[in-house]
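**Student:** Take this structure first; my questions come after.
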Amino acid sequence: MSNPTAHILLENSIISLVKGKPVRFKSGILSPVYVDNRKLSSYPKAWRQIIVALSRMIKEKKINFDVIAGIESAAIPHSAALSFFMKKPSVFVRKEIKVHGLQKRVEGMNVSGKKVLLIEDTISTGGSSISGIMALREEGAIVTDCISIVNYNFPEVMPKFKKARVKIYSLVSFIDVISEAVDLKYFSKKEGTEISIWLKNPHIWSNAHEEK
C-alpha cells in the first residue's frame, strides 16, 4: 500500500540520491541518499499535508501533551507550524548552550512540570533527539513521546529511546520510502538495492566508502 508521506517527500524532491561523494551525517555515517525536510516549507501544499498528518497521528495515538518542542534547526519550522495548527504552545531546543544572553538550551516558555511532545524532522542515530530530551528534562519537562516525519530505523535507535523511556512514532520509515521510490520510478531497482544495503548496515557501508 502506498504511503502518502513517502509520496509527498519524493514528489517534492525532499529525498534525493547523492551523486558522487556520499553525504556525511552528524554522527559520522556516510549515506548515498539524503533527506532534506528543510525544503518542505518551500512547498506550502505539501508542507500542510505533513503538518496535518502529524496532528492526525497525535490524535490517533492519543498522545497527551501541553507543549510542542522542536530540535534546532531542521525540526523547528515543523514543530512551530504544528503548534500553530493545533493551537498549542511551542518551544525549541538548541543543540548547544549559546554563549551569550541567558545561555539556555530550551528557548520559549517555562516547561517545568509540562508534558512536552518532541518533534523531529528525521531520526537517524537518535543522538540529537536524546540530547534534546535530556535538555528538556533538565528544565523540569516531562517527555515521554517523540514524533518524526522520517525514521531511518537504524538498529541502535530503539534501544536509546527505550533507555530514555520515550516512545517514538514516525509518519514513514525509510524502508517504505525506498520501496515507494522504486515503485514510482524515482529510483531504479539497482539504486533501491544499494540504498537497502546501506540501510541494513550503515556503519559497514560507511567504512567501505571512506576515502583512503
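Going by our numbering, the sequence shown opens with residue 1, and the numbers climb by one from there.
Don't be surprised by glycine CBs; every beta carbon is placed ideally from N, CA and C.
Could you give the distance in angstroms between the alpha-carbon of E180 and the alpha-carbon of A6?
**Tutor:** Near 7 Å, if we compare the C-alpha coordinates of A6 and E180.
**Student:** Between F65, P89 and D121, which lies nearest to S41 when the distance is taken from Cα to Cα?
**Tutor:** It is D121 whose Cα lies nearest to the Cα of S41.
**Student:** If contact is defined by three or more beta carbon pairs under 8 Å, each pair taking one atom from either stretch, is the region 139–146 in contact with the region 162–176?
**Tutor:** Judged by Cβ distances under 8 Å, the region 162–176 makes contact with the region 139–146, as three or more pairs qualify.
**Student:** With a CB to CB cut of under 7 Å and the five nearest residues on each side skipped, what residues in its chain are close to Y186?
**Tutor:** L10.
**Student:** Look at the alpha carbon of S83 and the alpha carbon of L136, and state the distance between them as a whole number of angstroms.
**Tutor:** C-alpha separation (whole angstroms): 17 Å.
**Student:** Over the uninterrupted alpha helix (DSSP H) stretch that includes A46, give me the two end residues.
**Tutor:** Run containing A46: P44 to E60, per the alpha helix (DSSP H) assignment.
**Student:** For K160, which residues of its own chain have a beta-carbon under 6 Å away from its beta-carbon, when the five flanking residues on both sides are left out?
**Tutor:** Correct list, in chain order: G126 and I130.
**Student:** Can you check which of these residues, K39, I97 and I63, is closest to P77 by C-alpha distance?
**Tutor:** Measuring from the Cα of P77, the nearest candidate turns out to be K39.
**Student:** Determine the DSSP secondary structure at D176, reduced to helix, strand or coil.
**Tutor:** Correct three-state label for D176: helix.
**Student:** In the structure shown, what three-state DSSP assignment does E107 receive?
**Tutor:** Strand at E107.
**Student:** Thinking just about the alpha-carbon of each residue, which of K114, V111 and V93 is nearest to the one in S128?
**Tutor:** That would be V93, whose Cα lies nearest to the Cα of S128.
**Student:** Exposed or buried, what is G140 when buried is set at 16 or more other beta-carbons lying within 10 Å of its beta-carbon?
**Tutor:** Exposed, because fewer than 16 other Cβ atoms sit within 10 Å of the Cβ of G140.
**Student:** Rounded to a whole number of angstroms, what is the C-alpha to C-alpha distance between A208 and V91?
**Tutor:** If I take the Cα positions, the gap works out to 40 Å.
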